[in-house]
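Working notes for the structure below.
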Amino acid sequence: MINRREFVASAAAAAFAGGQQARAASGEPWYRRAYRWGQTNIVEKDPVRYDIGWWRRHWKATEVQALIINAGGIVAYYPSKFPLHHRAEFLNGRDLFGELTRAAHNDGIFVMARMDSNRAAEDFFKAHPDWFAVDIAGKPYRAADKYIACINSPYYDEYLPGVLREIIERSHPEGITDNSWAGMSRESICYCANCERKFHAKTGSALPRAADWDDPAYRKWILWNYERRIELWDFNNKVTQTAGGPDCIWSGMNSGSVSSQSRSFRDMREICRRAQIMMLDHQHRDDDTGFQQNGDTGKRVHGMLGWDKLAPESMAMYESGPGYYRLASKPAPEARMWMIAGIAGGIQPWWHYVSAYQEDRRMYDSPGPVMRWDKDNERYLVNRKPVATVGVVWSQRNTDFYGRNDPGERVDAPYTGFMHTLVRARIPYLPLHIDDLEREDENLKLLILPNVAAVSDAQADVLRRFVARGGSLFATGQSSLYDEWGDPRPDFALADLFGAHREGATPKLQGTTERQRGTRDRSTPDSHTYLRLTPELRGKVDGPEVGDEPAITGTRHPVLKGFERTDILAYGGTLMPLRVAPGAVVPLTFIPPFPTYPPETAWMRQPSTNIPGLVLSERGKSRIAYMPADLDRRYQHEHLPDHANLLANIVRWAAHDEIPLQVDGPGLIDCHMYTQSGRTILHLVNLTSAATWRAPLDELIPIGPVKVHIRATGQVNPSAQLLVSKGTRPVALSAGIASFEVPSILDHEVVVL
Ligand SMILES: [Zn+2]
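Shown next as structure tokens:
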């Protein structure tokens, strides 16, 4: 006989399974309450070896609140009524997805059904050849032995909605996600009849014959592709919400990398504007960007999504880089630090294994400690607002139309160089989408444009208004030298602010890049260049051939602090003459290339020029730094500390030293500062290790003591609470600065003030 307690429990489970528990008493829908996630990516062999009991214990041990469970798409893990929906080879009629979903619901865990939607086997292709993408010769695009469905075909408009409805009606997952919802990337143009017809109807043009960024049809094709993905996002949500209720949302997976989003036409800003939850498929670091890139991703995404929404991220527990071994455990410290770096940026952890059966069982031990810590401290990790006075501007349009076929070198390297610079200098910053500046600029003192070259007139006006209101600007490289299509402008759109004008015609962009000369190649003679640290040159400084001699005052500008013992800095790039406005200051000038080999020849043929490497000006309260020298990109490639120190000096000068945080003590520390209902929360991530710039990390090295000074706003509690080492520290308040010491940081520390 069933007792009352059991009856209540099973009634609750039944209600949950019916989707009724999707909204808690708080009124918050499930997708605002799922802080910890898990995913066992089911392989076709798993149906005969999936030990659901074991996994339920693992869910509990890792405190997951939501699971991603494979349902359908390329492979179905339930007996689908659609005959062409390929069932897993070892499924044998079993409803594995349904069983797992029921088990999760009985354990009070939300489920997002996972789709992997864009490929099908040969029988499907033969039944509906017109649903699949074809190249210019009419030959179907293939991925291994599968055919790729065209995103403009009834496969997406009719077939997939049927599958989504079937999954929802059978098993009532809380929502649906999709691994490859955005279809083919821009490397492949589809010439199927649907694409021909729809593109012509929308644009009046025929499909572009090739990828040519200067071809108007190709440009339209790029934008048309973006629009289609957004249309699909809305359409899929309509399908799932109609079938499963208003909280049964569809949220496709997205990369944390803007260039990767660009390649598959996923407009991060538009997606964030409509997503209820951002599902990030961004599983591991690479050596160039480090763990800190995950903190950057969190801040970037929340900047558009809002800090009240959640952004879980799939985090590989298997060896995922630089080696790729789906079934081998990633060293636990590497997995752990990627999780921590993401959490520091507002990301929700989500462990990810490929296959339900592992012989390298060590990976099962990796996520638990972080997940349990996350549970104990979850209230400090969500619904908080970042504190920063510096914004780093980015734009996906710039990635597309300026980055073209080489966004890594043109766009990502300068951005990442700045990210590393700011992390290294412990300057809190926010990644800011160029179209969100006006929403965010209240607290910002300084906007950084790391080679943001493709800028529209309207965007330039917004930047101008920011400066007119007293904000400062630090732009590098070719910032604002191209329009929103990547077409050259005769002069920088922001030349009036920069106090610098282009001399001579702006070159047209190539699709594939002229790689920046000298990058990682010290034998290239053109890269053996330097910058000369000048006494202040005031007045009119023209190009090398024209104009008056600059007036030399004999003192150096404060941005050159720390370089007193040198007159030159290694550079590595190339600079062109600029016309500098009266009143602007040029603290750095270009020293043209001279030989490196043989060493006897390594002397400067032209020790100085008037070609500016940095132009500084002030207008009212605003300080403007325009740095034609691409030291941000150089720093990303070469890691010369001089470059980072100089960039940080300029940031501090331009921000009038209004940086709300100072952290003293050795080590590389990524600092994230937040406010949350009157509290200040400081997340310090210790990136100091032997593997900082080369994965994988297998040893955590403690740092400390670390002295922290925070610009206090309002009342400050006399003690700071440490959420990792668990204890409190006395806080001294002096002249509006709250100071305290963190004795030691192993992996991270979170301080609550
Ligand atoms: Zn097509």
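Under our numbering, the first residue of the sequence shown is numbered -16, with each subsequent residue one higher.
Note that the Cβ used here is the ideal one computed from N, Cα and C, for glycine as well.
Subject >> Between the CA atoms of residue 475 and residue 103 - distance to the nearest angstrom >> reply: Straight-line spacing of the CA atoms in residue 103 and residue 475 works out to 49 Å.
Original post:
Taking 7 Å as the cut-off, does the CB of residue 136 come closer than this to any heavy atom belonging to ligand 1?
Top reply: yes
Subject >> Rounded straight-line distance, which links the Cα of residue 217 to that of residue 236 >> reply: 14 Å
Subject >> Identity of the residue in 88, 638, 669 nearest residue 649 by Cα >> reply: 669
**OP:** State the Cα-Cα distance for the pair residue 525 and residue 561, rounded to the nearest angstrom.
**Re:** With a pLDDT of 47 at residue 525, under the threshold of 50, the modelled position of that residue is not reliable, and no figure is offered here.
Subject >> Three-way DSSP call (helix, strand, coil) for residue 259 in this model >> reply: coil
Original post:
Tell me, which residues are paired with residue 23 by DSSP?
Top reply: According to DSSP, residue 23 bridges with 336.
**OP:** Can you have a look at residue 45 and say buried or exposed, based on whether 16 or more other CB atoms are within 10 angstroms of its CB?
**Re:** buried
Original post:
Is DSSP giving residue 121 helix, strand or coil here?
Top reply: coil
**OP:** Compute every distance between the C-beta of residue 175 and the non-hydrogen atoms of ligand 1, then say whether any falls below 7 Å.
**Re:** yes
Original post:
Measuring CA to CA, which of 306, 121, 84 is closest to residue 677?
Top reply: Considering only 306, 121, 84, the residue with the shortest C-alpha distance to residue 677 is 306.
**OP:** Grab the span of the beta strand (DSSP E) containing residue 659 for me, first residue to last.
**Re:** Note, residue 659: beta strand (DSSP E), 652 to 659.
Subject >> Helix, strand or coil at residue 511 [DSSP, three-state] >> reply: coil
**OP:** Determine the closest residue to residue 140 out of 86, 99, 222, with distance taken between C-alpha atoms.
**Re:** 222
**OP:** Identify the continuous beta strand (DSSP E) that holds residue 610 and give its terminal residues.
**Re:** 605 to 610
Subject >> residue 165 beta carbon near ligand 1 (any heavy atom closer than 7 Å) >> reply: no
**OP:** Determine the contact status of residue 132 and residue 123, defining contact as a CB-CB distance below 8 Å.
**Re:** no
**OP:** Would you check if the distance between the CB atom of residue 618 and the CB atom of residue 382 is smaller than 8 Å?
**Re:** Annotated as distal: residue 618 and residue 382, with beta-carbon spacing of 8 Å or more.
Original post:
Per DSSP, what kind of secondary structure is residue 731 in: helix, strand or coil?
Top reply: The DSSP-derived three-state label of residue 731 is strand.
Original post:
Is the beta carbon of residue 232 sitting closer than 8 Å to the one on residue 158?
Top reply: yes
**OP:** Can you give me the Cβ contacts of residue 79 inside the same chain, cut-off strictly under 6 Å, excluding the 5 residues immediately before and after it?
**Re:** So the list reads 30, 60, once near-sequence residues are dropped.
**OP:** Could you round the C-beta distance between residue 463 and residue 445 to whole angstroms and report it? I think they count as a contact, below 8 Å.
**Re:** That belief does not hold up - the Cβ atoms of residue 463 and residue 445 are roughly 12 Å apart, past 8 Å.
Subject >> Given residue 563 as reference, the closest of 111, 479, 612, 517 once Cα atoms are compared >> reply: 479
Original post:
How many angstroms separate the CA atom of residue 370 from the CA atom of residue 327?
Top reply: 13 Å
Subject >> Buried or exposed by the 16-neighbour rule on C-beta atoms within 10 Å, applied to residue 672 >> reply: buried
**OP:** Taking residue 589 as the reference, give the member of 106, 580, 574 with the closest Cα.
**Re:** 574
Original post:
Should residue 729 go down as buried or exposed, given a rule of 16 or more other Cβ atoms within 10 Å for buried?
Top reply: exposed
Subject >> Residue range of the beta strand (DSSP E) that includes residue 440 >> reply: From DSSP, residue 440 is part of no beta strand (DSSP E) but of the alpha helix (DSSP H) over 440 to 451.
**OP:** Might you give, ordered along the chain, the residues of its own chain that have their beta carbon closer than 7 Å to the beta carbon of residue 254, omitting 5 neighbours on each side?
**Re:** 216, 237
Original post:
Quick one: what's got a C-beta closer than 7 Å to residue 27's C-beta in the same chain, skipping five residues either side?
Top reply: Sequence-distant partners of residue 27 (beyond 5 residues in either direction) whose C-beta falls short of 7 Å from its own C-beta, in its chain, are 58, 71, 72, 73.
Subject >> Whole alpha helix (DSSP H) elements within the region 356 to 425, 4-residue minimum >> reply: 379 to 384, 396 to 407, 420 to 423
Original post:
Considering only the beta carbon of each residue, do residue 394 and residue 385 sit closer than 8 Å?
Top reply: yes
Original post:
Checking contacts by CB at 8 Å: is residue 718 closer than that to chain C?
Top reply: The structure shown contains no chain C; it is built from a single protein chain.
Subject >> Between the CA atoms of residue 358 and residue 175 - distance to the nearest angstrom >> reply: Near 50 Å, if we compare the C-alpha coordinates of residue 358 and residue 175.
Original post:
Cα separation between residue 664 and residue 717?
Top reply: Straight-line Cα distance between these residues: approximately 19 Å.
Subject >> Nearest to residue 570 (by Cα), restricted to the options 323, 698, 514, 373 >> reply: 514
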